[in-house]
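Here the sequence shown is numbered in the UniProt record's numbering, starting from 1 and rising by one per residue.
All C-beta atoms in this analysis are idealised placements derived from N, C-alpha and C, irrespective of residue type, glycine included.
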Amino acid sequence: MRSRIPVILLSCGSFNPTTNMHMRLFELARDHLHQTGRYQVIEGIMSPVSDKYGKKGLVSARHRVAMARLALETSDWIRVDPWESEQDTWTETVKVLRHHYEEALRAFQSQEFMRNKYPTGSSTADSLSCQQPAF
């Protein structure tokens with residue numbers, strides 16, 4: 001059996017507020033990628049923008065991150081990452097992608113990610129740890 005390419009889904013946005021459709025997009029993307037038989041979605045990351053984005057009516061990043069966390073309480077694979085929201089300036093999407101890619105590489109290299117996501121599936125962890133994650 002051919003091993004699947006590990007994928008991390010990343011969604012950047014204001015999440016002002018987080019809606020059911022934001023979460024549904026993750027589910028639809030994961031379902032589609034899994035149906036191809038080529039990819040294994042291992043994580044979803046929601047990345048709210050910084051307060052410096054300047055969008056009119058933007059609720060503070062602290063509150064948007066908290067709302068997103070509440071919305072995702074029942075998800076075992078999607079999480080909120082506050083890194084982008086904590087930046088002093090608006091951050092270009094490519095820089096956010098680079099940050100999360102580097103974090104994923106570090107986690108994969110240390111095997112920490114696989115221990116946290118697949119505590120009992122060592123064969124799955126072994127097959128995924130030899131590949132770099134795709135965003």
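Which residues share a DSSP beta bridge with residue i?
i     : result
PRO48 : GLY13
ARG24 : Answer is none; ARG24 lacks a bridge partner.
In the DSSP assignment, the alpha helix (DSSP H) including residue i goes from what residue to what residue?
i     : result
VAL94 : 93-110
ARG62 : 61-71
Grab the span of the beta strand (DSSP E) containing residue i for me, first residue to last.
i     : result
ARG79 : 78-80
Quick test of your reading: residue i and residue j, contact by CB under 8 Å. State the CB separation rounded to the nearest angstrom.
i      : j     : result
ILE8   : ILE45 : 6 Å
SER47  : VAL96 : 6 Å
VAL49  : TRP83 : Incorrect: roughly 11 Å between the Cβ atoms, too far for contact.
LEU28  : VAL41 : That belief does not hold up - the Cβ atoms of LEU28 and VAL41 are roughly 11 Å apart, past 8 Å.
SER110 : TYR53 : 32 Å between Cβ atoms; not a contact.
Please confirm whether residue i and residue j have their CB atoms less than 9 Å apart.
i           : j     : result
ASN20       : LYS55 : no
residue 141 : VAL59 : Residue coverage of the chain in this structure runs from 1 to 135, which leaves residue 141 outside it and unanswerable.
TRP77       : ARG30 : yes
THR18       : MET67 : yes
ARG64       : SER85 : yes
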